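Residue numbers (our numbering), protein chains in the order written: chain A, 62 to 738; chain B, 251 to 410.
Note that the Cβ used here is the ideal one computed from N, Cα and C, for glycine as well.
Because the structure is a prediction, the values reported are computed rather than measured.
Report on one structure; see the data block that follows.
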Amino acid sequence: MAKLPMKRVEIYGLKTRRKAILEALQRFGVLEPISEDLSEMGFEKTDTAKSAATFAKAEDTLKSAIEVLDKYSPEKVPLLSMLSGKKTLSVSEYYNTVDNAGRALDIARELNDLSKRNYELEADIAKCEGAIVSLESWSGLDIPMNFRGTKKTAALIGTFPEPKTEADILKGLGDALGADAANDPLYAADVTVLHSETGFSNVCVFCRREKQNEIEAALRNMGFAKPQYVTKRPPIEEKARLSEQIGADKKQIESNKKRIETQAKHRDLLKFMVDYYAMRIEKYETLGDINQRDKFFVIYGYAPEKYCARLEDELTRKYDAAVEIHDAGENENPPVLLRNNPFSEPVESVLETYSMPGKFEIDPTFIMSLFYYFLFGMMLSDAGYGLLMIVGCAFLVLRFPNMAPGTKKALKMFFWCGISTFIWGLLFGGFFGDAVQVISRTFFDHEVKIPALWFEPIKDPMRMLIFAFAVGIVHLFAGLGIKFYQMVKDGDIKGAIYDVVFWYLLVGGGIAYLLSMQMFVDMTGLGFKLPPIGGKIAAICAGIGALGIILFAGRSSKNPAKRVAKGLYELYGVTSYLSDILSYSRLLALGLATGVIAQVFNQMGSMFGGGVFGAICFTLVFVIGHALNMAINLLGAYVHTNRLQFVEFFGKFYEGGGKKFTPFTANTKYYKFKEEN
Amino acid sequence: MESLGIVFALTGAALAALMAGIGSAIGVGMAGEAAAGVVTEDPNKFGKVLILQLLPGTQGIYGLLIAFITLSQIGILGGSADISTAKGLLYLAACLPMAFVGLWSAIRQARAAVSGIQLVSKRPDQMGKSMIFAAMVETYAILALLISILSITGIGGLSI
């Protein structure tokens, strides 16, 4: 239940052992290096950007090769396998694989090359297919399409953008060339329409070479143009050639595919090498930040105290390095690593989404986890859903022991939330809403009911509301309590009294005073009322609290008038307590939402009546409806539990601002490497 | 006139489901557009933006909740539907907080969610905070829900 104490570690090593020491540090993964500039003391840094870039390029090549494999020969992955986590390799397996890794880049390049060639071939096929389509309408032409004519005769092969007949074209020519030309045999033209349909027509015109220009100009005025696709062969032959080309391309693609598939056996090697380069890149980035001199180098960093001894031992014994361990200095801000018991640990990630505890703050995870599970369960409050969460999370955690730590934490958190949900479900009498009641009534004509161990909120919402407020007051006071503890720990006992005890008096006294008023007790339907004397004492407490806040909350100001004004402003903060407490009414609202919507689905299911058909329909509605309801309310419970923690609870004492401990380690994607002892 | 009670009460239930539902539909739609934009850039953020998209959806559920409680109280889902006009009007009034606040807060919450989605697209580590911004708006929907529930369950016991 705490932040792990951090030490400042200074490592001095010989340059000759630099590689070995860095690799060892990376495998230990317990040191977060500090970037420090010692150039004034004659130290230098090596520029590693170039090597790191080379590695990054190699990593990219390997990654895209894996993508190629995934495309052409996808791995058969069993369901939920993404939870199974990274495979473990021991150090000796690691070195064995590294030795055999020379070929990996060649394989990767070949795969990338094959895939690139396939893209090109596919583009070529598309091009050929397009050409075949455009040649379709030229089938009637039995001369090469680029035929320009003979010595005396010109051949004009082209298209019109509209359907034409031979008569149309001849008439058009006659009109364009004029009456003289009509009788002149030199202007004679032979027109063949090869194809004509809406939108275009293909035409071949023969004329005398000397009149070619005039006739072609006349034709162009009518819209004549060269065809889009021209070949040096007659269209039929060209079509056959293109089909052959497509066949050859397809064959080539197939053989490339086969080659890729046979290379798929190297997938694990490629994955390993991606990790290998990722590690080297990280190593070189760290290396680039190390201060070095002629013969030796220094690494400064932070490490959790409990690992320091082992780190020092390994480094001095195996790598001849000198290691010094100090406490972190006054103005240093060491990174934060949390360590909690297994019950509270999962909630660390929730704390992390807010902020890590700052330098002087304690780790609130343990107390927060108690409230977290409690509030979450109250919001979801259905024994059936709780049971599903317990079973589901437990199954996944046990089935995939290697899963990524983040996922595991989340599942464990929902496991504990599930237990809480189950218990609250029993207390409030919800098991998939009122499923037991509805099923027994619809199918067995005999209504059975699971009685609520405590009470049903839907029947008595006022009672639930008061309970929610009571939970809220406890939660808020716990937050204030942590503030008190922290201030006392820091030696500021006066401050603890001014900033915490006075608030306890004011808010606590105010609530107690309300409990002594007949009107309030009637309104809330509480079974008891404080005697008038209790009310008086409560009022006095609240008065002392208010006075204390007015006098001392502004104590940082010397000017008495300013101080009281500040105190009055602080006292106004009591309204925030009111809204904070009211905010806990969401416990009632969300709890009811789960139960009532579950009831709606149960009722919808039972509308089909009893019998086999009814049972089938009921099952269908039940499964879909409750899956939906559970998903939505899980989300709601998660979001609003977070909100109550972040806004109401943390608002009382927590600021955060710490930096998470991110050690120099192997951030791999596929494998993790185990240190051998 | 005597039989109008049930008409008013059902109008209230319908309004709660209707207006809160409209609000949520608009809200989830708005947030969905923003979320789709983020996913085009980075499909890995799907899970995160989906959660943010769903946040303005709760008002519709609260509306349904109020409608359902009202329906079961006034006997539409079985039982006697004999309600005086005064009581019917009371049910109608009781449903209004959820109807109006549901409609408005869902849309406003969606705007906070859209901003949150943009925040997550740039800084995925700030997911927790972006959720809180949207959840702040929902507080008022919850307060309205509370008043509607307390009123509806209270009306049954009145003798008018």
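**OP:** Using three-state DSSP, classify A:E422 as helix, strand or coil.
**Re:** Here A:E422 sits in coil by DSSP.
Subject >> Nearest-angstrom beta carbon gap, A:A603 and A:G570 [assumed within contact, 8 Å] >> reply: 3 Å
Original post:
Looking at A:G486 and A:G447, is the spacing between their C-beta atoms short of 7 Å?
Top reply: yes
Subject >> Coarse secondary structure for A:N620, derived from DSSP in three states >> reply: coil
Original post:
Counting Cβ pairs closer than 8 Å, one from the stretch 429 to 444 of chain A and one from the stretch 117 to 130 of chain A, do we hit at least three?
Top reply: no
**OP:** Please classify A:Y630: is it buried, with 16 or more other beta-carbons within 10 angstroms of its beta-carbon, or exposed?
**Re:** exposed
Subject >> Residues bridged to A:V70 (per DSSP) >> reply: Residue pairing by DSSP places A:V70 opposite A:G362 and A:I386 in a beta bridge.
Subject >> Alpha-carbon spacing of B:A343 relative to B:I272, whole angstroms >> reply: 19 Å
**OP:** Taking B:M381 as the query, report the chain A residues whose CB atoms sit under 7 Å from its CB, ordered along the chain.
**Re:** By Cβ distance, chain A contributes V700 and N703.
Original post:
Can you tell me the Cα-Cα spacing of A:E373 and B:Q303, whole angstroms?
Top reply: 50 Å
**OP:** Can you have a look at A:H387 and say buried or exposed, based on whether 16 or more other CB atoms are within 10 angstroms of its CB?
**Re:** exposed
**OP:** Find the residues of chain B that neighbour A:P522, judging by a C-beta separation of less than 8 Å, and give them in chain order.
**Re:** I399, L400 and T403
**OP:** Note the first and the last residue of the continuous alpha helix (DSSP H) segment covering B:F296.
**Re:** Looking at the DSSP string, the run of the alpha helix (DSSP H) that includes B:F296 is F296 to L304.
Subject >> Three-way DSSP call (helix, strand, coil) for A:L75 in this model >> reply: strand
**OP:** State buried or exposed for B:L314, treating a residue as buried only when at least 16 other CB atoms are found within 10 Å of its CB.
**Re:** buried
Subject >> Within-7 Å CB hit, A:V397 to chain B >> reply: no
Original post:
Any contact of the stretch 613 to 627 of chain A with the stretch 672 to 690 of chain A, i.e. 3+ C-beta pairs under 8 Å?
Top reply: No: the two stretches stay apart, fewer than three of their Cβ pairs being nearer than 8 Å.
**OP:** Would you check if there are 3 or more beta carbon pairs closer than 8 Å linking the stretch 522 to 542 of chain A to the stretch 552 to 566 of chain A?
**Re:** yes
**OP:** Helix, strand or coil for A:S96, going by three-state DSSP, please let me know.
**Re:** coil
Original post:
Would you say A:G712 reaches chain B, if we count a Cβ-Cβ gap shorter than 7 Å as a contact?
Top reply: no
Subject >> For A:H256, three-class secondary structure by DSSP >> reply: strand
**OP:** Enumerate, from N- to C-terminal direction, the unbroken alpha helix (DSSP H) stretches of 4 or more residues contained entirely within the stretch 307 to 371 of chain B.
**Re:** Those alpha helix (DSSP H) runs which fall completely within the stretch 307 to 371 of chain B and span 4+ residues are 308 to 324.
**OP:** Give the range of the beta strand (DSSP E) segment to which A:G494 is assigned.
**Re:** It is not in any beta strand (DSSP E) - A:G494 carries neither H nor E in the DSSP assignment.
Original post:
Could you give the distance in angstroms between the alpha-carbon of A:L182 and the alpha-carbon of A:A192?
Top reply: 15 Å
Original post:
Where does A:T214 fall in DSSP's three states?
Top reply: strand
Original post:
Helix, strand or coil for A:V266 per DSSP?
Top reply: strand
**OP:** With 7 Å as the limit, tell me which residues of the stretch 466 to 487 of chain A have their beta carbon closer than that to any beta carbon of chain B; keep them in chain order.
**Re:** none
Original post:
Is there at least one Cβ from chain B nearer than 7 Å to A:A622's Cβ?
Top reply: no
Original post:
Hey, does A:S577 have any beta-carbon neighbour from chain B nearer than 7 Å?
Top reply: no
Original post:
A:H687: buried (16+ other C-beta within 10 angstroms of its C-beta) or exposed?
Top reply: buried
**OP:** Could you run through the stretch 327 to 352 of chain B and flag, in chain order, every residue whose CB is less than 8 Å away from some CB of chain A?
**Re:** Of all residues in the stretch 327 to 352 of chain B, L327 have a Cβ within less than 8 Å of some Cβ in chain A.
Subject >> C-alpha distance - A:K137 paired with B:A317, whole-angstrom precision >> reply: 48 Å
Subject >> Buried versus exposed call for B:T389 [16 or more other C-beta atoms within 10 Å across all chains shown] >> reply: Per the 10 Å Cβ criterion, buried.
Original post:
By the criterion of Cβ-Cβ separation under 8 Å, what are the contact partners of B:A385 in chain A?
Top reply: V700, H701, N703 and R704
Original post:
Going along chain B, which residues have a C-beta under 7 Å from A:G697?
Top reply: For the C-beta of A:G697, the chain B residues within less than 7 Å are, from N- to C-terminus, T308.
**OP:** Apply the 10 Å Cβ neighbour rule to B:Q323 and answer buried if 16 or more other Cβ atoms are within range, or exposed otherwise.
**Re:** buried
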